[in-house]
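In our numbering, the protein residues as written are 17 to 588. Positions of the beta carbon are idealized from the N, C-alpha and C atoms, including for glycine. See structure below.
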Amino acid sequence: MLLNEILSQWADAEFKRIFKDSGCAIPPVSIIATSNPEFGDYQCNDAMALAKILKQSPRQIAETFTRSVALHFSLERVAIAGPGFINMYIKTEWLSEYLCSMTSDVRLGVPQIGEGHTVVIDYSSPNVAKPMHIGHIRSTIIGNSIDRMYRFLGYNVVSDNHIGDWGTQFGILIMGYRNFLDAKALSETPVEELERLYVKSYGRTKEDENWMAQCRQELVKLQSGDQENLALWKEFVTLSLKEFQRIYDRLGVSFNQVRGESFYNEKLRGIVDLLEQKGLAKESEGATVVFLDEEKLPVCIVRKSDGAFNYATSDLATVVSRVTEFNPDKIVYVTDERQQLHFRQFFTIARKLGITTRLDHVWFGLMRLPEGTFSTREGNVIKLECLLDEAEQRALAIVQKASPDMQLDQQKAVARSVGIGAVKYTDLSQNPQTTVTFTWEKALSLEGNSGPYLQYAYARIASVRDKYSEKHSDINPDVYLLKLTETIERKLALMLIRFPDVVLRAAETYKPSSLADYLYDLAQTYSTFYQNVPFLKAEEGVRESRIRLCGMVARVLRTGLDLLGIETPERI
RNA sequence: GCGCUCGUAGCUCAAUUGGAUAGAGCGUCAGCCUCCGAAGCUGAAGGUUGUGGGUUCAAUCCCCGCCGGGCGCACCA
C-alpha cells in the first residue's frame, strides 16, 4: 500500500477513536505530502474542517489529537503548526526500509489496479490522404502515454486507431485522381500527392457546380460497392497507412487494432433505425436528427438530407460495437478541443441508447504558431516528418560534440532517442488543456525542463554505476544498508516513494504532464545530489548506500520515462 | 448572441484539485570543471495570480459581474 494511504487510514482511525465521545460523525481524513520540508514530511489539514463539526477550534482539535494519538510505527513525531496543521515526521530508518522494499518490486510499488478490467483508448486517428502535421502529434503522443500508463496499471488496453477512411472526401479525391494524377509523384511521395489531388479537386468544387455533382456521384458509386472505386479507395488507404506506420515506428507507437470508420460502415443504417424505433430520432428539414433540448444541447444530425450518414452516426455505431465486443469499463477518446460539443452530444445519445459504459473525452488545446493558427492555404503547416528530422539532426550535432568517440551509428541511435524524446516531452510536460504555441526552440530544447535533461540525468547515473563496478567488481552494493544521512538523500527518498501515487493520479486524470513534472523534479533533486555529494569517493558503506540510491533514481526515471514513451539510452 | 476554455515573473509553463512564505525553465546578473559526464550545479534580481465583488478559519483554485485571447454552435470530421 502507498504511504499516504497507510497514513490516511491510520489517522482516520485515530481521529475516530480520539473523538468518539463527541458523538459526532467524523468524516474521513487524509494525509498528504507536504509542500515544504519545513512542515515535516506529511501533513494533515483536516483539523480545520473538523472545527465546525466538533464545535472546537482547529488548534484545540489538533492539540487533542497530538496529545492522545498512538503514533504510527513509521512516524518519529507529529507537531502542530499555524491554525491547526498537523505535521508528521517520518522515521528515517523506516523510510529507508520502505524505499528498499518498494524498489525490490519490479513494478516499483505501482499497484495493478486494472487487473481484470478492460479500457478502450481511441487516439491518433489521422485522416487518409492527408499527411500528418504537427497538429496530429498531440493526440498520438498524449494518447500513447495514457495507453502505456493503463497497461502498466494492469488494465487490458485496447488501443484503437480510428482512422478517417470513409466519408465525403473520397468522392472529391477520386475525381482528383482521375483528372490530375501525377504518377511519378504518387510513387515518390504518395500521401503528399493524394493531398494535392484532394486540394485541387476540392478547389474545383467551389467554382464548378457540375464538378461537385460528379464528386457526389463517385462517392455514391463507392458506397454502393463499385469495383473500380473500391479499388481506388483501397489504394488510398494502403498508401496512407504505410506512411502513418513509418511515423508510428519512429515515435514508438503501436496499436492493438486499426479500425477505420469504414469498418462500421454497414452498421450505420441500423443505428439510425434503432434511434427511430426508440423515438429518439425524427425527421427535420429533410434530415434525421436527435433533439437534445432537455440536455440543453443543439440538435445532432444522424442522417443528412441526402441520405448519407455522418460522424455522429459513425461514432454511435463504433461505440455499440466496442461495448458488445470488448465489454470495457470505460472508453477514452483523445482528440482536440474542437470536438467537445460533438462528444457531449454523442455521449448523451449513447446513454439514451442504453449504453452505461463510462465514456471519457480527453481533449487538448490546438497547436498554434506564434504568428497565429495553422493554415494549409498560407502554407505554414509543419509536417510531422520534417519536425522529427529536424529534431534528430539537432540532437546529432550535440551528441557528436559531447561524445566524439562514440561510433557513428550509436551517435545516430542516441540522436534519435534524444531528438524524439525532446519533441514528445514538450508535448507531454504541459497541461493538455491549453493551447500550445509551437516554436522550434522549445520543441527541440535540450536543456532546462526538457526530455534530454531527464535522459542526461539517467545517462550520468548509468555512467557512475559502470565506473563503480569497474573499480569494485567484487562488491555488491545491494547488500549494504541504505543510509539516508544527508538532507538531500532523505529528500530524494521521500520523492522516490511518491512514484506509485504519481502514476495512479496521472492515469486517473489523463494527465501525463503531472508524471512529467514529477520526473523533472526528481531529476533536478538528483542533479543537486550528484553535484554536491561525493559517492565514488566516499568511504565504504556510504559509497555503496549512495550507489544504491542512484540505482533507485535511475529505475524510477526509466520506468517513468517509459510511461511517457521516452527512451533512456545508457550513454548519450 | 449562447456554450466550452484559458489569463500566474520580461517570455514559456507549474502549483498535490480549498491549505502554510505562489514554484520551475528560458533570458538577465554573479559564482562553480586539476575533482564521480558543465545537456550540469550554487546564488541574486524578477509577482496586487487580468479586473471588481462574494462564499470561509483559509481562494491562483469555488460562485457572480466585467475586460482580453482561443475554440465551437444542423447536414465537415
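A distance of 8 angstroms or more separates the beta carbons of Pro53 and Asp28. With 16 or more other CB atoms across the displayed protein chains lying within 10 angstroms of its CB, Lys440 is buried. Under the three-state reduction of DSSP output, Met228 falls in the helix class. A straight-line Cα-Cα distance of about 48 angstroms links Ile588 and Thr184. Approximately 5 angstroms separates the beta-carbon atoms of Ser561 and Leu498; this is inside 8 angstroms, confirming the contact.
Unbroken alpha helix (DSSP H) stretches of 4 residues or longer found wholly inside the stretch 427 to 462: 456 to 459, given in chain order. Following the DSSP letters along the chain, one finds Ile34 in no beta strand (DSSP E) but inside the alpha helix (DSSP H) bounded by residues 19 to 34. Exposure of Gly219 is indicated by the presence of fewer than 16 other C-beta atoms within 10 angstroms of its C-beta. Within 10 angstroms of the beta-carbon of Met17 lie fewer than 16 other beta-carbons, which makes it exposed. Under the three-state reduction of DSSP, Trp249 is assigned to helix.
C-alpha of Pro493 to C-alpha of Pro142: approximately 49 angstroms in a straight line. Around Pro74, the same chain offers Ala63, Met64, Leu66, Ala67, Pro99, Gly100 as residues with beta carbons nearer than 8 angstroms, after the five sequence neighbours per side are excluded. Gln72 carries a coil assignment under DSSP once its states are collapsed to helix, strand and coil.
Taking all protein chains shown into account, Asp265 has fewer than 16 neighbouring C-beta atoms within 10 Å of its C-beta and is therefore exposed. Remark: C-beta atoms of Asp376 and Thr134 do not approach each other more closely than 8 angstroms. In the three-state DSSP reduction, Thr304 falls in the strand class (E or B).
Assigned with DSSP and collapsed to three states, Leu497 falls in coil, not helix or strand. Between the alpha carbons of Asn281 and Ala324 lies a gap of roughly 11 angstroms.
Taking a contact to require three or more Cβ pairs closer than 8 angstroms, the stretch 73 to 89 and the stretch 114 to 125 do not qualify as touching. Counting along the chain, Tyr546 sits inside the alpha helix (DSSP H) bounded by residues 528 to 548. Segment contact: the stretch 309 to 316 against the stretch 334 to 344, fewer than three CB-CB distances shorter than 8 angstroms; contact not assigned. With a beta-carbon spacing of about 7 angstroms, Leu23 and Met104 fall inside the 8 angstroms limit used to define contacts.
One thing to note: Asp537 has its Cβ within 8 angstroms of the Cβ of Met511. At a cut-off of 3 residues, the continuous stretches assigned as beta strand (DSSP E) that sit fully inside the stretch 357 to 421 are 374 to 380.
Counting only residues of its own chain and dropping the five nearest sequence neighbours on each side, Thr334 has a CB closer than 6 angstroms to the CB of Tyr280.
Looking at the DSSP output, Cys316 sits in a beta bridge with Val306. By the CB criterion at 8 angstroms, Ala201 and Glu209 fall inside the cutoff. Between Asp138 and Asp163, the C-beta spacing is not below 8 angstroms. In this structure, the alpha-carbon of Asp37 lies about 25 angstroms from that of Phe89. Rounded to whole angstroms, the Cβ separation of Ile287 and Leu235 is 20 angstroms, and the two are not in contact under 8 angstroms. If you draw a 10 Å sphere on the C-beta of Pro206, you find 16 or more other C-beta atoms in it, and that means buried. Counting only the Cα atoms, Glu310 lies some 44 angstroms from Thr455. Cys566: member of the alpha helix (DSSP H) spanning 558 to 579, first to last residue.
Pairing Arg154 with Asp443 gives a Cβ-Cβ distance under 8 angstroms.
Phe101 has Ala97 as its beta-bridge partners, per DSSP. Residue state for Leu552 is assigned as coil, using DSSP reduced to three classes.
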